[in-house]
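Taking my numbering, the leading residue of the sequence shown gets 2, the next gets one more, and so forth.
A virtual CB, placed ideally from N, CA and C, is assigned to each residue, including glycine.
It should be emphasised that the depicted structure is a prediction, and the values quoted were computed from it without experimental measurement.
Heads up, the thing below is written out as structure tokens.
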Amino acid sequence: MIREEATVLSNEPCYEGGYVIWLDAPNLAAAGHTPGQFVMVRCSAEGGDPEFSRAFSYHRAQEGRIALLYTVAGRGTAWLAGRRRGDTVSLYGPLGNGFRLPDGSGNLLLVAGGVGVAPMVDLAEVALAQGHQVTAMMGARTASQLLPASAWPSEVEYVVVTEDGSQGLRGRVTEHLDEYVAWSSRLYACGPNPMFASMAEALRQNGRRQRPEILMEENMPCGWGLCYGCAIFTRHGVRLCCKDGPRFNLFDVF
Numbered sequence: 002m003i004r005e006e007a008t009v010l011s012n013e014p015c016y017e018g019g020y021v022i023w024l025d026a027p028n029l030a031a032a033g034h035t036p037g038q039f040v041m042v043r044c045s046a047e048g049g050d051p052e053f054s055r056a057f058s059y060h061r062a063q064e065g066r067i068a069l070l071y072t073v074a075g076r077g078t079a080w081l082a083g084r085r086r087g088d089t090v091s092l093y094g095p096l097g098n099g100f101r102l103p104d105g106s107g108n109l110l111l112v113a114g115g116v117g118v119a120p121m122v123d124l125a126e127v128a129l130a131q132g133h134q135v136t137a138m139m140g141a142r143t144a145s146q147l148l149p150a151s152a153w154p155s156e157v158e159y160v161v162v163t164e165d166g167s168q169g170l171r172g173r174v175t176e177h178l179d180e181y182v183a184w185s186s187r188l189y190a191c192g193p194n195p196m197f198a199s200m201a202e203a204l205r206q207n208g209r210r211q212r213p214e215i216l217m218e219e220n221m222p223c224g225w226g227l228c229y230g231c232a233i234f235t236r237h238g239v240r241l242c243c244k245d246g247p248r249f250n251l252f253d254v255f
């Protein structure tokens, strides 16, 4: 594990309520993380409120810098949204178990709900470099909450679904899986628990389970299994999201 005082390079909106922060963090950028792993960020001044760090997936990593994508949802992320170029942020990682890509080349389907899109751009970039074909699906309530297509590598087929039909397909992302699941050889997902439950039901009904890997979005106050704040129930007993995950097999949990 690496602890680093990173300098903010930029911190810009990417969709309604969402930001991408780029950090000059050469040690963490060179740490050889796996897509889906995360870092713990102290989202306050030293000794300030809130005291606990926040977990953020790697969104991108390149040339001595890393990017984190987050949605402002409370005091910690509001503090992070206020950081400006030249400010410093304390963080440590990489932590957890990330996605596993298949050997050879394959057709990979990436499914994201809301801020669950954060690790998927990193996964797409690594998968493309290994020779895989990638289709990414993102669901949101409305068009203003979608990550723009320009944020993805140009080789990615990007499919968007909005609940109000303001952009792309109408409905929930799990309602439009069939065509893309039939094409894919592996499925990866990150999003809220209701999305995972709906996805598990859809895949059970069509018989194409695809060994789906998911990243769980539990609160992880410590990041390395000391506080037991992220315990979840699985088919194999209680597991800690930060230490045993956040990658799990969809059908072990839902």
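Handout entry: PRO195: first and last residue of the uninterrupted alpha helix (DSSP H) it sits in
Key = Residue numbering aside, residue 195 sits at position 194 when the sequence shown is read from its first letter. Taken as a continuous stretch (DSSP letters only), the alpha helix (DSSP H) holding PRO195 covers 194-207.
Handout entry: GLN206 burial status per 10 Å Cβ neighbour count (16 or more: buried)
Key = Indexing the sequence shown from 1 puts residue 206 at position 205. When all chains shown are included, GLN206 counts as exposed.
Handout entry: alpha helix (DSSP H) segment containing ARG55, residue limits
Key = In the sequence shown, residue 55 corresponds to position 54, counting from 1. Unbroken run through ARG55 is the beta strand (DSSP E), 55-58; no alpha helix (DSSP H).
Practice task
Please confirm whether LEU251 and ALA201 have their CB atoms less than 8 angstroms apart.
Solution key: Here residue 251 is taken as the residue at index 250 of the sequence shown, counted from 1. Here residue 201 is taken as the residue at index 200 of the sequence shown, counted from 1. For LEU251 and ALA201, yes; Cβs fall inside 8 angstroms.
Exercise for the section: Measure the CB-CB distance between PRO120 and PRO36 and report whether it falls below 8 angstroms. Expected result: Here residue 120 is taken as the residue at index 119 of the sequence shown, counted from 1. Here residue 36 is taken as the residue at index 35 of the sequence shown, counted from 1. Taking 8 angstroms as the Cβ cut-off, PRO120 and PRO36 qualify as a contacting pair.
Practice task
Identify the continuous alpha helix (DSSP H) that holds ARG248 and give its terminal residues.
Solution key: The sequence position of residue 248 within the sequence shown is 247, counting from 1. Looking at the DSSP string, ARG248 is not in any alpha helix (DSSP H); the run it does join, the beta strand (DSSP E), is 248-250.
Practice task
For VAL239, write down the residues that DSSP places opposite it in a beta bridge.
Solution key: For the purposes of this step, residue 239 is identified with residue 238 of the sequence shown, where counting begins at 1. Answer is PHE234, bridged to VAL239.
Handout entry: Backbone secondary structure at ALA7 - three-state DSSP
Key = Walking along the sequence shown from the start, residue 7 turns up at place 6. Here ALA7 sits in strand by DSSP.
Problem - Nearest to TYR59 (by Cα), restricted to the options VAL21, CYS44, LEU81 and VAL90 - result: Within the sequence shown, numbered from 1, the residue matching residue 59 stands at position 58. Nearest option by C-alpha distance: VAL21.
Practice task
Flag this pair as yes or no: are the beta carbons of ALA62 and HIS34 separated by less than 8 angstroms?
Solution key: Within the sequence shown, numbered from 1, the residue matching residue 62 stands at position 61. Within the sequence shown, numbered from 1, the residue matching residue 34 stands at position 33. Yes, Cβ-Cβ distance for ALA62 and HIS34 is below 8 angstroms.
Exercise for the section: May I ask you to report which of helix, strand or coil DSSP gives GLN146? Expected result: Start at 1 with the first residue of the sequence shown, and residue 146 comes out as number 145. DSSP places GLN146 in helix when its eight states are reduced to three.
Problem - Buried versus exposed, by CB contacts within 10 Å (16 or more), GLN131 - result: In the sequence shown, the residue the question calls residue 131 occupies position 130. Exposed is the call here.
Exercise for the section: Since I believe THR136 is in contact with TYR181 (beta carbons under 8 angstroms), could you give me their beta-carbon distance rounded to a whole number of angstroms? Expected result: Counted from its first residue, the sequence shown places residue 181 at position 180. Counted from its first residue, the sequence shown places residue 136 at position 135. Contact holds; Cβ gap of about 6 angstroms.
Exercise for the section: Since I believe SER106 is in contact with GLY77 (beta carbons under 8 angstroms), could you give me their beta-carbon distance rounded to a whole number of angstroms? Expected result: Counting from one through the sequence shown, the residue named residue 77 turns up at place 76. Counting from one through the sequence shown, the residue named residue 106 turns up at place 105. No, GLY77 and SER106 are not in contact; Cβ-Cβ is about 40 angstroms, not under 8 angstroms.
Problem - Classification of VAL118 by the beta-carbon crowding that lies within 10 angstroms, buried from 16 upward - result: Indexing the sequence shown from 1 puts residue 118 at position 117. The Cβ neighbour count for VAL118, taken over all protein chains shown within 10 Å, is at least 16; the residue is labelled buried.
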